[in-house]
Each structure stands twice: as structure tokens, then as C-alpha cells.
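Asker:
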Amino acid sequence: MLSERILSLATQQLNKNYLNGSAAAHVDRVPPPTSVSDARANANATGERDLGAASVAADGGHLYMLYMHVPFCRQLCTYCSFNRFYFEETRAREYFRSLRTEMEMVAELGYRFGATYIGGGTPTVLLDELAETLDLARRLFPDIRDVSTETNPTDLGDELFDALAGRVDRLSVGVQSFDNDLLQQMSRYKTTGTAEETLAAVQSMRGRFHSFNVDMIYNFPSQSMESLARDIELVKQTGCNQTTFYPLMASPLRRRQLREAVGRINYAREYDMYRMICERLADSFVASSAWTFSADKDMIIDEYIVDYPEYVGIGSGAMSYLQGRNYTNTFSLREYHDRVRSGRMGITKMSEGSAGRTVDMRYYFATKLFGLRLDKDDFRARFGVAIERGLPLEMAYMRLVGAFATNDAHEITLTDKGRYLMVALMRETLARSNDYRDEARAALSPDEYAELLEQAPAAAES
Numbered sequence: 019m020l021s022e023r024i025l026s027l028a029t030q031q032l033n034k035n036y037l038n039g040s041a042a043a044h045v046d047r048v049p050p051p052t053s054v055s056d057a058r059a060n061a062n063a064t065g066e067r068d069l070g071a072a073s074v075a076a077d078g079g080h081l082y083m084l085y086m087h088v089p090f091c092r093q094l095c096t097y098c099s100f101n102r103f104y105f106e107e108t109r110a111r112e113y114f115r116s117l118r119t120e121m122e123m124v125a126e127l128g129y130r131f132g133a134t135y136i137g138g139g140t141p142t143v144l145l146d147e148l149a150e151t152l153d154l155a156r157r158l159f160p161d162i163r164d165v166s167t168e169t170n171p172t173d174l175g176d177e178l179f180d181a182l183a184g185r186v187d188r189l190s191v192g193v194q195s196f197d198n199d200l201l202q203q204m205s206r207y208k209t210t211g212t213a214e215e216t217l218a219a220v221q222s223m224r225g226r227f228h229s230f231n232v233d234m235i236y237n238f239p240s241q242s243m244e245s246l247a248r249d250i251e252l253v254k255q256t257g258c259n260q261t262t263f264y265p266l267m268a269s270p271l272r273r274r275q276l277r278e279a280v281g282r283i284n285y286a287r288e289y290d291m292y293r294m295i296c297e298r299l300a301d302s303f304v305a306s307s308a309w310t311f312s313a314d315k316d317m318i319i320d321e322y323i324v325d326y327p328e329y330v331g332i333g334s335g336a337m338s339y340l341q342g343r344n345y346t347n348t349f350s351l352r353e354y355h356d357r358v359r360s361g362r363m364g365i366t367k368m369s370e371g372s373a374g375r376t377v378d379m380r381y382y383f384a385t386k387l388f389g390l391r392l393d394k395d396d397f398r399a400r401f402g403v404a405i406e407r408g409l410p411l412e413m414a415y416m417r418l419v420g421a422f423a424t425n426d427a428h429e430i431t432l433t434d435k436g437r438y439l440m441v442a443l444m445r446e447t448l449a450r451s452n453d454y455r456d457e458a459r460a461a462l463s464p465d466e467y468a469e470l471l472e473q474a475p476a477a478a479e480s
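If you're matching positions, the sequence shown starts at 19 in this note's numbering and goes up one per residue.
1) In the structure shown, what three-state DSSP assignment does His44 receive?
2) Looking at C-alpha atoms only, which residue of Asp249, Leu252, Met121 is the closest neighbour of Arg362?
3) Where do the ends of the beta strand (DSSP E) carrying Val12 lie?
4) Can you tell me where the alpha helix (DSSP H) with Arg156 in it begins and where it stops?
5) Check whether the stretch 218 to 234 touches the stretch 185 to 192, taking contact to mean three or more Cβ pairs, one atom from each stretch, closer than 8 Å.
6) Rounded to whole angstroms, what is the Cα-Cα separation between Asp393 and Pro265?
7) Name the DSSP bridge partner or partners of Thr431?
8) Go through its chain and collect everything with a Cβ distance to Arg282's Cβ below 7 Å, but skip five positions before and after it.
9) Helix, strand or coil for Cys91, going by three-state DSSP, please let me know.
10) What are the partner residues of Arg188, as DSSP defines its beta bridges?
11) Look at the alpha carbon of Ser451 and the alpha carbon of Met243, and state the distance between them as a whole number of angstroms.
12) For Val330, report the span of its beta strand (DSSP E) as first-last.
13) Consult DSSP for Phe103 and reduce its assignment to one of helix, strand or coil.
14) Look up Arg129 in the DSSP assignment and say whether it is helix, strand or coil.
15) What three-state label does DSSP hand Gln241 in the structure shown?
16) Would DSSP call Asn198 helix, strand or coil?
17) Within this structure, are the beta carbons of Met444 and Leu387 separated by less than 8 Å?
18) Compare the Cα-Cα distances from Gln93 to each of Gly138, Gly184, Thr256 and report the closest residue.
19) How would you write the range of the alpha helix (DSSP H) that Arg407 sits in, first residue to last?
20) Nearest-angstrom Cα distance between Asp226 and Arg400?
21) Taking DSSP as the reference, what is the three-state secondary structure of Met368?
22) Given this structure, state the Cα-to-Cα distance separating Asn344 from Met294, to the nearest angstrom.
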């Protein structure tokens, strides 16, 4: 689709420029939180800040989102670029201790969080450590309403439920596909089980969490339309009440590796696959974001930036976005532990200046439309200008390609094509972040790189 290719290329360039703006940081911690009154005054004066509706507490306080990263996996999947290392128990327990210490530093700054998301890696590699970490988060941040964590199919079962029941509101299981051939290509077949075993494991968790999400990936080079159709039908048989279908988001660097291993990614058919997903899920789910489908459209979703534009990230490789700046924690576990032991957060890079008014408006535009609705009155109140004047090129382009279902004086909603374009935009944004992560891991010392990323899988499973 020509409109997708144009948008993807433009997004690649904008994201490259933005992420390349990060430089070595000489700060011990993220800045303290901003009050709602200060944030609104700043927004009215400069248009450089944004407050989501969900990020304001009942008493008017400013709520943020807390992201925790657990970078350990029993197997490193070929397509994944998130910060992850081979699991080893002693190393992981030390990491959880540092993670909790860094969380306490954030509490000392006065932050209040409305939600927390635990990503990885595989956060459930040590359930006792995860439970202790979640309990601390609840004590330190009593405003937390929603807790979401990721897991793998092999971790599902009574032990996981007993550890996380009452602690986790949304459990997201990384299935990726029910096609055994694809699971073998992803290096998941031996470690996460066959498609049949995975389906049984997921079905065993039916109704046990308030929100139970099944993560799927589509547009693998060797994936057929028939294989995708079967995946969709099996998702509906799992008993989940939410599913997220991500397009394959290989970073530009990793795309070359994938092409050599399993073939070239075919973006020309991605839209056809997306339409199939939307059409075949429609009898059981409604869209709650451009790529998440829920039994109830108001359920918690993966992309927390829709409701919480500002967030604090803790853990190795985590990122924070605060007051128009990006902050990135070190990808080195050694450096991470050293910093935390000395009373500092893991931050080693940050953007050199505030993103600027236009970038903030684009950020608002993308995140709200990814969440399927943009409030024009809210945009004007935040940025002091109508969206047509603030983002004339973006509005003209989306209107020209037929992305808007509604575009009146008060709101914008999307057509099916418009939703797909937001998927493509998010795909390229996350893919560029993956390049950034790959580059950060490549900068590890040779001995730490070998210790964390090149050990034999058999040793990792011990």
C-alpha cells in the first residue's frame, strides 16, 4: 500500500533523528514529578506537555505510569530485540533486588502511579521475586489501579495463578503463533512447547484473571493467509477476553538477518492480513486500540502511552519519558547494579533537550489515534492551537488517504485503513527502538556480552 510505505519511511526518519538525540547522561535520578497545576500552566504557555485523562487522580494529583523491565528469558527468540539475556537464577535474584531498590528511589522523589506494566524478557521467570516486587509497588504507590505483566505459555498453571492472583489485573501471554513451523523458525518450539501444548496451557487459564490477553504476531515471511486464519480461530478457542495482533516488528538491522534466515518481510500483504484479523475477530471482540481487540473496549491494553503519556521506567534497558525528555537506563547488568548500589538510578543516556512543541503535538496525535479517538477540544486546550494549524501536513495526509471516519469540530476517529496506518506508524516506531536496543547491547564489554547473550541454552535452563 503506497500510503503505508510513505508513512513508514517518514516515521523511520523522524524516529531516527529523535532517538539519535540521546547523549551520555550525568544525572543520578529522573527529575521529580510535576504537579498538575504546573503541568497545565506549562502546557498553556508552551504546548510542550500532555496530561492523559487517566493520568489525573481523583484528588487532582498527577499520575504517571511505572514500567518495570525484567530482561531474562530461558530462550532468546530470533525476532525479538527487547533487552533480554539468558536466564540464570542467581543473576536474576540479584537483579530483582536492584530493581526494588531503584523503585524505592523513585518513591523518594514523590511519584504517584496509576498503573504499572512489567515487561521483558519474561517477568515470570521467578514468581516469588515478582510477587515481592509487586507487593512493594503497591505499598509505595497506593494509587496503582492496574497491574499488567507478561508471561510465556510454559509458565502458565496453578503456581503462576497462586502467585499472581490479587496482584495482577492483566496477564498477557506471548503465544505469537499456533503454527508449529513458525514456532520452530522463532526458536520457540522446544522451549515454549508445541502449538497443541500451548493451546491447552492457555485454555487452562480461562477466566482466572480479570483481563487475559493472548499476544500474536503476523506477517512472518513464511506465514500463509491460511496459517493466519487458523491462528485467529484458535485465539477465539483459547477463552481469552483480549488479544493483541502485532505485525512483525523487526528492526531495520534485524530485517537483514531475518531475510537471510527465513526470507524477506512482505509489507505489501500486511494490510490484507490486518483486514482479515479485524474481520474474523469481529464476532467476539471489539477494537480497543489499533492492534488490540477486547471483549470490552475499556479493558487495559499493552500500549500504556495512550492513557499515560509520561512514564518512569526502571530496570536495565528501561526508558522513561518525562517533561519532554527521554531517559534510558544502562543495558549492562554490571553497570546497573553498580549504579543502584551507589544510590543512583540506572540512567546513562537522555535526550539533549525537550522534544519541542511540534514533536509533542505529533506524539499526542499518534498516541490518541492509536487509541482510536482524538479529542480536538482537548488538543486545542493543551497546545493553544487547532490541530489543523498545529499539524497541517499530518492532517492533510491522513485526510487525503482516507484515514478519517470522523473529522468534525470536536473529534477524529479512524477508518479501517486509518487504523492500519497507525499500526504501521507504531511498528516503525518500535522497530527503531529495537535498533537502539541492539546498538546498546552491542556496546557491552566482550566478556559481559558473552556471559549474558552467548551462553549455551542448556546452561540457561539449569
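Virtual Cβ for every residue (Gly too), placed ideally from N, Cα, C. Quick caveat, the model's predicted, so the values are computed rather than measured.
Answerer: With the given structure in hand:
1) coil
2) Met121
3) Coverage of the chain is limited to positions 19 through 480, which leaves residue 12 absent and any answer about it impossible.
4) 145 to 158
5) yes
6) 27 Å
7) Arg391, Thr424
8) Pro239
9) strand
10) Ser166, Ser229
11) 28 Å
12) 329 to 332
13) strand
14) Note on residue identity: the sequence assigns Tyr, not Arg, to residue 129. Tyr129 falls in the coil class under three-state DSSP.
15) coil
16) helix
17) no
18) Gly138
19) 405 to 408
20) Correcting the residue type first, residue 226 is Arg in the shown sequence and not Asp. One C-alpha to the other measures close to 40 Å.
21) strand
22) 36 Å
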